[in-house]
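Student: Chains L and V are the protein sequences, given in the same order.
For any residue, its number in the numbering used here is found by taking its place in the first sequence, counting from 1, and adding 13.
For any residue, its number in the numbering used here is found by taking its place in the second sequence, counting from 1, and adding 2.
Don't be surprised by glycine CBs; every beta carbon is placed ideally from N, CA and C.
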Amino acid sequence: MTKKPTGQSFSKSASYEEWRKQRYASQKERKTTFESISFREQPELVTPENGGSVKYDAELGYPGEYPFTRGVQPTMYRGRLWTMRQFAGFGSPEDTNQRFKYLLEHGQTGLSTAFDMPCLMGYDPDHPRSLGEVGREGVSVATIQDMETLFDGIDQDKITTSMTINCTATIAFAFYFAVARRRGVSFDKVGGTIQNDMLKEFIAQKEWISPPKPSVKLVCDVIEFCASSAPKFNPVSISGYHIREAGSTAVQELAFTIADGLAYVDHCLGRGMAIDSFAPQLSFFFDVHNDFFEEIAKFRAGRRLWARLMRERYGAKLDASCKLRTHAQTAGVSLTAQQPINNVARVAMQALAAILGGVQSLHTNSMDETLSLPTEDAVRVALRTQQIIAEESGVTNVIDPLGGSYYIERLTSEIESEAMQYIKQIDALGGMLRAVEEGFPQKEISEAAYQFQLDVDAQEQVIVGVNKYQEGGDQEIPTLKIDLGPETNQIEKIKAFRAQRNEGKWKQSMDAIERACVENRNVVPVLIDAVDAGVTLGEVSDIYRKVFGTYSDPGML
Amino acid sequence: MTAQARPIRILIAKAGLDGHDRGAKVIARALRDAGFEVIYTGLHQTVEHIVRAAIQEDVDCIGLSILSGAHMTLFPELLNKLAAENSSDIVVFGGGIVPKDDIVELKKVGVKEIFIPGTHTQDVVAWIKANVPVD
Chain L
14 MTKKPTGQSF SKSASYEEWR KQRYASQKER KTTFESISFR EQPELVTPEN GGSVKYDAEL
74 GYPGEYPFTR GVQPTMYRGR LWTMRQFAGF GSPEDTNQRF KYLLEHGQTG LSTAFDMPCL
134 MGYDPDHPRS LGEVGREGVS VATIQDMETL FDGIDQDKIT TSMTINCTAT IAFAFYFAVA
194 RRRGVSFDKV GGTIQNDMLK EFIAQKEWIS PPKPSVKLVC DVIEFCASSA PKFNPVSISG
254 YHIREAGSTA VQELAFTIAD GLAYVDHCLG RGMAIDSFAP QLSFFFDVHN DFFEEIAKFR
314 AGRRLWARLM RERYGAKLDA SCKLRTHAQT AGVSLTAQQP INNVARVAMQ ALAAILGGVQ
374 SLHTNSMDET LSLPTEDAVR VALRTQQIIA EESGVTNVID PLGGSYYIER LTSEIESEAM
434 QYIKQIDALG GMLRAVEEGF PQKEISEAAY QFQLDVDAQE QVIVGVNKYQ EGGDQEIPTL
494 KIDLGPETNQ IEKIKAFRAQ RNEGKWKQSM DAIERACVEN RNVVPVLIDA VDAGVTLGEV
554 SDIYRKVFGT YSDPGML
Chain V
3 MTAQARPIRI LIAKAGLDGH DRGAKVIARA LRDAGFEVIY TGLHQTVEHI VRAAIQEDVD
63 CIGLSILSGA HMTLFPELLN KLAAENSSDI VVFGGGIVPK DDIVELKKVG VKEIFIPGTH
123 TQDVVAWIKA NVPVD
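#1: Could you give the DSSP three-state label for L105/L: helix, strand or coil?
#2: According to a CB-to-CB cut-off of less than 7 Å, which residues of the stretch 40–70 of chain V neighbour chain L?
#3: Whose C-alpha, out of G253/L, N247/L and L124/L, is nearest the C-alpha of L295/L?
#4: Does the beta-carbon distance from G166/L to K114/L come in below 8 Å?
#5: Using the beta-carbon count (16 or more within 10 Å), is S565/L buried or exposed?
#6: Does the distance from the C-beta atom of I495/L to that of F103/L stay below 8 Å?
#7: Is any beta-carbon of chain V found at less than 8 Å from that of G145/L?
#8: When you compare the CB positions of F100/L and H376/L, do they come within less than 8 Å of one another, or not?
#9: What residue from A546/L, D542/L and K559/L has the CA that sits closest to C530/L's CA?
#10: Residue ranges of each alpha helix (DSSP H) run of no fewer than 4 residues wholly in the stretch 481–534 of chain L, ordered along the chain?
#11: Closest Cβ-Cβ distance between D555/L and chain V: below 8 Å?
#12: Are any of the Cβ atoms in chain V nearer than 8 Å to that of S565/L?
#13: Applying the criterion that 16 or more other CB atoms from any shown protein chain within 10 Å of the CB defines a buried residue, is E382/L buried or exposed?
#14: Among G274/L, T388/L and S347/L, which residue has its Cα nearest to the Cα of K336/L?
#15: List, in order along the chain, the chain V residues whose C-beta lies closer than 7 Å to that of R149/L?
#16: For the candidate residues T177/L, L116/L, I421/L and Q474/L, whose alpha-carbon lies nearest to that of K44/L?
#17: Using a Cβ-Cβ distance under 8 Å, would G260/L count as near chain V?
#18: Here's the rule: buried if 16 or more other CB atoms are within 10 angstroms of the residue's CB, otherwise exposed. What is P491/L?
#19: Who are the near neighbours of I556/L in its chain, counting only those whose CB is closer than 8 Å to its CB and skipping five residues on each side?
#20: Cutting at 8 Å between CB atoms, please list the residues of its own chain near G92/L, excluding the five before and the five after it.
#21: Return helix, strand or coil for G345/L, following the three-state DSSP convention.
#22: Pull up the distance between the alpha-carbon of V408/L and that of G123/L, whole angstroms please.
#23: For the structure I just gave you, are there three or more beta carbon pairs, one from the stretch 164–181 of chain L and one from the stretch 202–213 of chain L, closer than 8 Å?
#24: Measuring straight from C-alpha to C-alpha, what distance separates G97/V and T121/V?
#25: Residues of chain L with a CB under 9 Å from the CB of D137/V: which are they?
#26: Looking at C-alpha atoms only, which residue of R326/L, A263/L and A320/L is the closest neighbour of L282/L?
#27: Strictly under 8 Å for the Cβ-Cβ distance: is V479/L near chain V by that measure?
#28: For G37/V, which residues in chain L fall below 9 Å Cβ to Cβ?
#29: Going along the chain, which residues of its own chain have a beta-carbon closer than 6 Å to the beta-carbon of F77/V, five neighbours each way excluded?
#30: Specify, as a first and last residue, the run of the alpha helix (DSSP H) that T183/L falls within.
#31: Starting from K16/V and walking both ways along the alpha helix (DSSP H), at which residues does that stretch end?
#32: In chain L, which residues lie with their C-beta within 8 Å of the C-beta of K27/V?
#33: Using the beta-carbon count (16 or more within 10 Å), is N133/V buried or exposed?
#34: Is it a yes or a no for the stretch 45–61 of chain L touching the stretch 405–425 of chain L, going by three-plus beta-carbon pairs under 8 Å?
#35: Between E473/L and chain V, is the shortest Cβ-Cβ distance under 8 Å, so that the two count as touching?
#36: Using a Cβ-Cβ cut-off of 8 Å, state whether P119/V counts as contacting chain L.
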């Protein structure tokens, strides 16, 4: 096909501005505004003249070198692929142990544990508040015996395990390490991650026992313990995931997460710990949402921002202290109950953004997660999606392949500086702990969530199959049914467990925990001994309630 | 009764251990913007507390949000406790991740409607106007 030459052939604009005014402005656009999912207005084009230029040494550097914009390891995925880590947990410890083994057999390289709501809120299965929730959204683990069953046949010194648990993280951590000790695995060989990030609980996920201040103290107890005794374990996974899922923008997610991290750093420094003694073990967890380039830029901006803060604000000397190592999970909130098979495409694009963003481990959601916990088949498709990206797409061959893109570099710089603005605002409020107590991040997120819903209602944000391209009738896919059997079993099991433990040793252990709490000592070493002597998750939580008090939702809209 | 003498009063409630409050808060705001009087319980309420709040606040309906999978326990408990307090005239509806088969079951025991993710907020507004009688 040939086109007839027009009067403008070979004419060249002298600058971006001229091009925009003379050539672009005379054309028609198909809509009036072009916004990202975070309400960010998008330029039609980025050039070196409007934010696309970059100072290579100061802003990018080489992979594995400060400020780590291009990646935290020198080899990135050419050295080792990311860890494919599917979050799993439901029913009894036996049920989840089977799912773990299934995932490992299918090529998954790390484990990730979902606990049920009673575990996450500090109740044993036989507590009245646990009724109907035992083993529902995750696995029920209330005793050291449950943890032994959960990891039966899985080597704690070979497979790294991530545990998503927060206000009771100290207790789950103690179970896991007490099991390791029983098996003769030394603590310095145990690798993994515990989420243990309480500030984002008050901001977004809303699972808590005690008020923010003592909650932060417990978080830092685990950080301190790992700094001295468990060098391969990440004692905290500072999480933006839940902040984003609660409705924040990409910038809010990044800013609030980094500000949470700074609050933990400040607390640890306040204990007299040296920055380089614990900062290398801090890890992160971000969402990876729909807006492809915004997400890639978010990861790059996050690495640069954290590195600069660690060096400039805290004087970190080690490279390892400045590296933002992160897990990512595709956005659960982006999935639709309508036409659920479309979710496979959403997850694939989000996962690709995570990899182009340079994450260290990834969970891909299953297509059926808006309907119920995922079936084995749906989980397998999600895992295969990662394997296709890793082994077929070719994107892993070159490090940070989008580095130097005018658009990506401008977006990276914008997100970094907007996040820094928020961090300064939080600094002015007295830090994240105070900001959370005042409800500042909570309010910002509520506003963004409501705005997003209004945009969806008005079709300014399109959700395929929901507010556009709807189909009559529902697409049917199989869903996982969880029966109530595990609840009854777990209740019987914990009653039997309490009946057979040594009452004297148990009482001593309970007293030891309470003393450690009252005397403001690190609870972790005490807990490892106590859970070994039969203290349960609910019993430790009751001590926390007694000594530290309880927190309830202010119910702000 | 065609003309509404007063705005409909709604209690948006979160029960059990479930901490997902994005949907509840967005709906509460949308209903408030639509002219209803909305009270939000905050998270982690017991069913007793919700019933007490509903009676004290003299609401016309309760919207219970559940994303933890405990819906088959909590909805029937709420309906039973309302009945025990002679308050079955309070319309109960719900929202959250609830499988279709469970929605059928819950409607049989008296839940008037369940809204799943992807619902247009104005559809909830219209449903309340059509299904919640005001004296």
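Tutor: Inspection of the coordinates gives the following:
#1: Here residue 105/L corresponds to residue number 92 of the first sequence, with the count starting at 1. The identity of residue 105/L in the sequence shown is Ser, whereas the question assumes Leu. DSSP places S105/L in coil when its eight states are reduced to three.
#2: Y42, T43, G44, L45, H46 and S70
#3: Translated into positions along the first sequence, residue 295/L becomes position 282. Per the Cα distances, N247/L.
#4: Residue numbering aside, residue 166/L sits at position 153 when the first sequence is read from its first letter. Residue numbering aside, residue 114/L sits at position 101 when the first sequence is read from its first letter. Cβ distance < 8 Å, so G166/L and K114/L count as in contact.
#5: For the purposes of this step, residue 565/L is taken as the residue at position 552 of the first sequence. Burial call: exposed.
#6: Counting from 1 along the first sequence, the entry for residue 495/L is found at position 482. Counting from 1 along the first sequence, the entry for residue 103/L is found at position 90. Result yes, Cβ atoms of I495/L and F103/L sit closer than 8 Å.
#7: On the first sequence, residue 145/L is found 132 positions in, with the first residue counted as 1. It does: the Cβ of G145/L has a partner Cβ on chain V nearer than 8 Å.
#8: The residue given as residue 100/L occupies position 87 in the first sequence. The residue given as residue 376/L occupies position 363 in the first sequence. Yes, they are a contact pair.
#9: Start at 1 with the first residue of the first sequence, and residue 530/L comes out as number 517. Checked all of A546/L, D542/L and K559/L; the closest Cα to C530/L is K559/L.
#10: 498–513 and 516–531
#11: The residue you call residue 555/L lines up with position 542 of the first sequence. So, not an interface residue.
#12: The residue labelled residue 565/L in the question sits at position 552 within the first sequence. Yes, its Cβ sits closer than 8 Å to a Cβ of chain V.
#13: The count along the first sequence starts at 1 and reaches residue 382/L at position 369. When all chains shown are included, E382/L counts as buried.
#14: Taking the first sequence and counting its residues from 1, one reaches residue 336/L at position 323. The residue with the shortest Cα to Cα distance from K336/L is G274/L.
#15: Here residue 149/L refers to the residue found at position 136 when the first sequence is read from its first residue. Within chain V, the residues near R149/L are S70, G71 and A72.
#16: Counting from 1 along the first sequence, the entry for residue 44/L is found at position 31. The candidate whose alpha carbon is nearest that of K44/L is Q474/L.
#17: Here residue 260/L corresponds to residue number 247 of the first sequence, with the count starting at 1. So yes, G260/L belongs to the interface.
#18: Locating residue 491/L in the first sequence gives position 478, counting from the first residue. So P491/L ends up on the exposed side.
#19: Here residue 556/L refers to the residue found at position 543 when the first sequence is read from its first residue. Only M523, I526, E527 and C530 meet the Cβ criterion.
#20: Along the first sequence, one-based indexing puts residue 92/L at 79. Excluding residues within five positions, the ones whose Cβ falls inside 8 Å are Q86.
#21: By 1-based counting over the first sequence, the position of residue 345/L is 332. Here G345/L sits in helix by DSSP.
#22: Numbered from its first residue, the first sequence carries residue 408/L at position 395. Numbered from its first residue, the first sequence carries residue 123/L at position 110. In a straight line, the C-alpha of V408/L is about 22 Å away from that of G123/L.
#23: yes
#24: By 1-based counting over the second sequence, the position of residue 97/V is 95. By 1-based counting over the second sequence, the position of residue 121/V is 119. Distance between the alpha carbons of G97/V and T121/V is about 9 Å.
#25: The residue labelled residue 137/V in the question sits at position 135 within the second sequence. Those do not exist, as D137/V stays about 27 Å from chain L at its closest Cβ, beyond 9 Å.
#26: Taking the first sequence and counting its residues from 1, the one referred to as residue 282/L is at position 269. It is R326/L whose Cα lies nearest to the Cα of L282/L.
#27: Position 466 of the first sequence, counted from the first residue, corresponds to residue 479/L. Yes, contact with chain V.
#28: Locating residue 37/V in the second sequence gives position 35, counting from the first residue. Those do not exist, as G37/V stays about 16 Å from chain L at its closest Cβ, beyond 9 Å.
#29: Residue 77/V sits at position 75 when you count from the first residue of the second sequence. Closer than 6 Å at the Cβ level, and outside the excluded window around F77/V, lie L108 and V113.
#30: Counted from its first residue, the first sequence places residue 183/L at position 170. Per DSSP, T183/L belongs to the alpha helix (DSSP H) from A182 to R195.
#31: Along the second sequence, one-based indexing puts residue 16/V at 14. Careful: K16/V lies outside any alpha helix (DSSP H), inside the beta strand (DSSP E) at R11 to K16.
#32: Reading the second sequence from its first residue, position 25 is the one you call residue 27/V. Simply S459, A462, Y463 and L570.
#33: Here residue 133/V refers to the residue found at position 131 of the second sequence. By the neighbour-count rule (16 or more Cβ atoms within 10 Å), N133/V is not buried but exposed.
#34: yes
#35: Locating residue 473/L in the first sequence gives position 460, counting from the first residue. Output row for E473/L: interface = no.
#36: Taking the first residue of the second sequence as 1, we reach residue 119/V at position 117. So, interface residue.
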